[in-house]
Structure formats: C-alpha cells, structure tokens
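For what it's worth, this note's numbering labels the leading residue of the sequence shown as 1103, then goes sequentially.
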Amino acid sequence: RQALGTQSVPPNQIIIGLSLLLTFFVMGPTFERVYQEAYLPYTNDSISFEQALDKAEAPMRSFMLKQTRQSDFGLFARLARLDPQVSAQTAPLRVLVPAFVTSELKSAFQIGFMIFIPFLVIDMLVSSILMSLGMMMPSTAASTGMEIISSKLRASRPMVSTICAVIASPFRSRNWPPASRAANSSHRRARTASV
C-alpha cells in the first residue's frame, strides 16, 4: 500500500484475510500431519497428552527447519549458550522458534524491498518531471496510475513476451518475406528499371 501510494486500499480486513488464506495454503500439509499423527490418536485415547504434544512437535519442527536460515539458528544458539554439538534438529523450541521468526521477517523485508524499489523510482521520476514543469501537485496523483500499470505489466510479463514473440515470428522466419510478396516486390523493381 505504501509503494502504490494507496494508504487505505486494500483495507486491513482484506490483507488479513489474504494472509490467513496463504498461511493455510502453505501450512496445510503440516496441519494435516498434526491432525493425523497427534490429534486423532489423542481423541481416540490411543496416546497421552504428552505423547500427542511430542507427535505434534515433529511436523512443526520439520516445517520451521525448512524455513530457518542456518545463520539465524546459530545466532540464537549462541545467545542461548547451547552446546556447539547441538543441531537444529535437536535444539529446543525456545531457540528454533525465534530463529524461524527472524528468518521469516528477513525474507519478508527482502521481498518488500524488491517490490518497493521500482515504485520508488517511478515516484522520483514523476516528482522530478513535475518540478521541472513547475506543476504544484502531489506526485502520487500522477504516479499511482503508472505504478499500477507497471505492476500489471510485470505480472503479465510472460503473456506480453508470448504476444511479442508471436507478432515477431514472421520476421524471424527464413521464408520471410512470403513468396507472393517477394514476387510482387521484384516485379515492381523490374517495372521501375524498365521505365
């Protein structure tokens, strides 16, 4: 929203809803494993509550390990003064969870930075153009449309590339120009030479 210059669009409710949907999509297999391996046996009185916690911890730990950077885990392991021989697979959750959260925040910051930079460049260009023209108007009024168009073009870049390739394919063909057009052009050149 900050990059697009829209302070309240989309609203917070939509952003939270999208975040929840994406969270359930990404963690769906993990939740399914927890349900099958821990919740169902516990509700059927097959295992105790402590055993259910241990079985639920394994899928969650596996998911967090895939998303945690080794450098972040090493940082929190040193802060917790763990034995250097302790690996991420056997580390306590009080070390693994903050390392996972830090890794996710770092990834989110990098993604946001890469998304924000093109819009910032557009804002700077529009601001400099408006200042050079002497127009006293906010740059967001003129740059918002350009930012939306650029985001759509970046999202549809494969489609645009395909369309351009289809349009340019006759020019790259070995049979270009077509035989009829080549014959017409040679006939026209012969008529011009005879005149």
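Even glycine gets a Cβ: it sits at the ideal position worked out from N, Cα and C.
Continuous alpha helix (DSSP H) stretch holding residue i: start and end
i	result
GLY1119	1114-1136
THR1145	1142-1145
GLU1159	1151-1169
ARG1180	1172-1181
Local conformation of residue i per DSSP, three classes
i	result
LEU1062	Outside the displayed span of the chain (1103 to 1297) sits residue 1062, for which this structure offers no information.
ASP1225	helix
MET1198	One detail in the question is off: residue 1198 reads as Leu in this sequence, not Met. Three-state result, LEU1198: helix.
PRO1186	coil
SER1234	helix
GLN1212	helix
Exposed unless 16 or more other CB atoms sit within 10 angstroms - verdict on residue i
i	result
ALA1154	buried
ASP1156	exposed
LEU1198	buried
VAL1136	buried
ILE1224	buried
MET1166	buried
ARG1283	With a pLDDT of 49 at ARG1283, under the threshold of 50, the modelled position of this residue cannot be trusted; read the value that follows with caution. Answer is exposed; the Cβ neighbour count stays below 16.
PHE1127	exposed
ALA1160	exposed
ARG1163	buried
ALA1210	exposed
PHE1221	buried
VAL1111	exposed
Short CB-CB distance (under 8 Å) between residue i and chain D
i	result
LEU1181	Looking for chain D here will not work: only one protein chain is present.
Same chain, Cβ closer than 8 Å to residue i, neighbours up to 5 away in sequence not counted
i	result
LYS1208	ARG1171, ASP1174
VAL1188	ALA1179
MET1129	PHE1165
GLN1191	ARG1163, LEU1167
TYR1141	ALA1154, ALA1158
GLU1206	GLN1169
6 Å Cβ shell around residue i - same chain, five flanking residues per side excluded
i	result
ILE1149	PRO1143
ALA1182	VAL1197
Cβ shell of residue i (< 7 Å), same chain only, five flanking positions each side left out
i	result
PHE1202	MET1166, GLN1169, THR1170
GLU1152	none
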